[in-house]
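Okay, so here's the structure we're looking at.
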Amino acid sequence: MRAALLVFVGVILTGWVGYIVIADLSVLDSLYMTVITVSTVGFRELPEPTAATKLLTIGLIGAGVGSVSYAAVTGVEFIVEGHFTHYLERRRMDRAIDRLDDHVIICGFGRVGRILAAQLDNEHTPFVVIDEDEDKVEDAEENGYRVLRGDATEEALLQSAGLDRVRALVATVNSDADNVLITLTAKGLYPECVVIARAKSEENEPKLRRAGADRVIQPSSIGGRRIAQILTRPVVADFLDKIGGSGVDYTLEEVPVTAHRELDGVSLREAAIRKRFGCTVLAVRHAEDQLLDSHPSPTVPLAVGDTLVVMGSAEDVIGMRRHFVPDE
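Counting the sequence shown from 1 gives a position; the numbering used here is that position plus 86.
So this is what it looks like as structure tokens:
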């Protein structure tokens with residue numbers, strides 16, 4: 087469609103300039119002659135046509151009819167082959183991405199990216215997928231995910247994905263070098279952005295951290311530790327596998343301590359979370375030093391900005407979180 091429009095505009099400009107030069111017409115008269123010639127409406131010619139003017143007019147008629155026919159055929163093909171529908175869907179998706187806030191950007195829709203997207207979708211956490219492979223983009227669209235096609239190292243694409251409004255960016259493309267570049271680009275554009283990067287090679291972890299990655303994940307190392315856990319502690323491994331699934335009705339959740347709520351200024355013993363909600367507090371991350379206390383004292387008072395890590399049934403955990411964070 088763009089090519090057809092350019093051809094048509096080129097014909098108009100050629101005729102416009104041609105009548106000015108060859109027929110010595112004014113700018114307005116030249117435009118008038120070009121329009122009536124290209125549209126073949128047959129109005130009166132302004133000057134007495136010379137041989138050169140006649141040849142220009144014949145050429146314009148042929149070029150005009152050809153460009154209009156080309157545009158018509160292209161337009162019909164655009165609609166019949168579904169390009170128009172895809173264009174509307176693309177515009178709708180772009181508008182949906184523009185409305186996102188506190189979302190996750192997933193750079194790379196490979197094995198890790200697919201699992202992450204599925205998990206975030208189950209948790210109803212908004213996210214945007216970025217990948218330059220057309221097949222992967224189509225797979226993401228078929229799953230109903232918001233997706234952008236392109237190179238995630240490009241600044242404009244990250245900005246289109248709403249980098250300034252994200253909860254986090256996950257760099258999980260197949261190349262560690264690209265993950266480093268994505269991290270550098272994201273941190274350069276938006277230093278406050280939380281970046282979680284995947285490292286295929288252990289030696290590249292320091293490079294990702296120097297690039298600004300807040301967390302670096304090595305799937306191979308995690309897989310190795312998981313296998314070792316299955317071999318040495320099979321019951322524990324089986325329990326952890328079933329947390330949040332259909333086998334065991336337990337899940338882990340984090341609950342923030344907000345101002346003007348019951349947890350601010352009280353101790354874990356006074357909060358009586360286990361008694362009131364049936365949930366167990368496993369750890370507390372204190373806002374003052376951002377350290378995770380895995381053995382919290384029941385007498386230490388909680389403060390605004392602290393985060394509780396709790397475990398319980400899905401129903402109990404949801405009820406507790408709604409009680410303490412009612413505005414979510």
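In this text, a Cβ means the ideal position worked out from N, Cα and C, and glycines have one as well. These numbers were taken from a predicted model, which means no experiment stands behind them.
Beta-carbon spacing of residue i, residue j below 8 Å
i	j	result
V190	V103	no
H234	A242	The displayed chain sequence assigns Leu, not His, to residue 234. The answer is no: Cβ separation not under 8 Å.
Y173	L142	no
D237	E224	no
P342	T393	yes
A369	L377	no
T344	V395	no
D300	R251	no
A285	V302	yes
L244	L206	no
L294	A272	no
L354	P384	yes
Classification of residue i by the beta-carbon crowding that lies within 10 angstroms, buried from 16 upward
i	result
P382	buried
S153	buried
F325	exposed
D402	buried
A283	buried
D262	buried
G398	buried
R408	exposed
R232	buried
T123	buried
L91	exposed
R200	buried
N265	buried
M406	buried
Strand pairing of residue i, partner residues [DSSP]
i	result
V341	L394
T366	M397
V281	L255
P387	S353
L378	R371
message: I'd like the ranges of any alpha helix (DSSP H) spanning at least 4 consecutive residues and lying wholly in the segment 189-228.
response: 197-208 and 220-228
message: Check whether the segment 88-107 and the segment 144-152 touch, using three or more Cβ-Cβ pairs below 8 Å as the test.
response: yes
task: Enumerate, from N- to C-terminal direction, the unbroken beta strand (DSSP E) stretches of 3 or more residues contained entirely within the segment 233-269.
output: 252-257
Secondary structure, alpha helix (DSSP H): runs of 4+ residues fully inside the segment 290-318: 291-297 and 305-318
- request: Kindly confirm or deny that the segment 309-326 and the segment 362-377 touch, where touching means at least three C-beta pairs closer than 8 Å.
  value: no
message: Does the contact criterion of 3 or more C-beta pairs under 8 Å hold for the segment 179-195 versus the segment 111-124?
response: no
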